[in-house]
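According to this note's numbering, the sequence shown is numbered sequentially starting from 194.
All C-beta atoms in this analysis are idealised placements derived from N, C-alpha and C, irrespective of residue type, glycine included.
Quick caveat, the model's predicted, so the values are computed rather than measured.
Inspection log for the structure reproduced underneath, given as structure tokens.
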Amino acid sequence: RPHHENTLWLDHGPDNYAAVTFNELEQRVAIGWMSNWDYAHDLAAKPWRGSMTIPRKLSLSNGLLHSKPVGKSTIVRLEPRDEQYGLDFVYEGERRLLLRVDRFSREIWVDRSEVWSLKRSTKHSARLDDASELFLEIGTDEGSGEIFAGPLAFTVLVTAEGQPRLVAANASLTYCPSM
């Protein structure tokens with residue numbers, strides 16, 4: 194996708210497309226197609242090609258649109274031990290989806306180069322307001338990861354197998370009760 198300095202993205206990952214909202218619920222909820230037309234035809238069709246994202250509750254705060262997962266998600270807190278820290282999603286064969294934060298630049302990014310069979314669209318980033326510590330809400334499934342960091346969301350497909358385990362990188366990791 195083209196990068197524009199003033200664009201306010203609902204999702205900073207590459208794989209949340211054509212979201213639709215539902216109005217008849219108590220809250221505004223959106224769900225999107227988890228894929229990308231740039232490479233959808235290059236992915237295997239078995240057992241499926243694409244799926245739907247986790248439903249997300251939408252809200253406005255200070256003129257910005259925020260999304261939070263609806264239903265159960267894993268909530269973790271990362272306390273940095275170094276200037277750059279993050280979380281590894283470790284799949285079968287020790288292949289990793291990386292989430293990293295740079296405290297100095299306040300950049301947060303996901304890098305799926307180890308868990309993505311295609312050679313394009315591997316690193317996706319955004320800017321945090323505060324990078325001193327991070328609370329994450331995480332939804333993973335075989336073939337996908339959805340990461341919510343405050344107002345930022347990243348939806349990424351992966352071609353690794355199995356459910357990942359979470360490993361902190363230069364940080365302490367605390368599992369939190371569901372909110």
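| Can at least three beta-carbon pairs, one atom from the stretch 352 to 368 and one from the stretch 304 to 318, be found at a separation below 8 Å? | yes
| message | At the level of alpha carbons, what is the spacing between L253 and Q220? | response | 12 Å
| task | Starting from T348, follow its DSSP beta bridges and name the residues at the other end. | result | E339
| query | Considering only the beta carbon of each residue, do S365 and R274 sit closer than 8 Å? | reply | yes
| query | Looking at C-beta atoms only, is the number of pairs between the stretch 256 to 264 and the stretch 337 to 349 that lie closer than 8 Å three or more? | reply | yes
| query | beta strand (DSSP E) containing K261: first to last residue? | reply | L257 to P262
| query | Pick from K250, A233 and M245: whose alpha carbon is nearest that of E217? | reply | K250
| Cβ-Cβ distance between A212 and I224 below 8 Å | yes
| Just the Cα atoms here: how many angstroms apart are N363 and I247? | 29 Å
| field | Nonlocal neighbours in the same chain, by C-beta distance under 6 Å from R242, ignoring five residues either side | value | L236
| said: Using 8 Å as the threshold, is the C-beta distance between R358 and A324 below it? | reply: no
| message | With DSSP as the reference, identify every bridge partner of P273, one or two as the case may be. | response | A364
| message | Could you tell me the alpha carbon to alpha carbon distance between L271 and V283, rounded to whole angstroms? | response | 17 Å
| said: Tell me the residue span of the beta strand (DSSP E) that contains H205. | reply: Looking at the DSSP string, H205 is not in any beta strand (DSSP E), and its letter there is neither H nor E.
| query | Taking the C-alpha atoms as reference points, what is the distance between I331 and T267? | reply | 5 Å
| request: Determine the burial state of T333: buried for a count of at least 16 other Cβ atoms within 10 Å of its Cβ, exposed for fewer. | output: buried
| task | Go through its chain and collect everything with a Cβ distance to S169's Cβ below 6 Å, but skip five positions before and after it. | result | Nothing can be reported for residue 169, as the shown portion of the chain is limited to 194 through 372.
| Can you name the residues that DSSP bridges to T267? | I331
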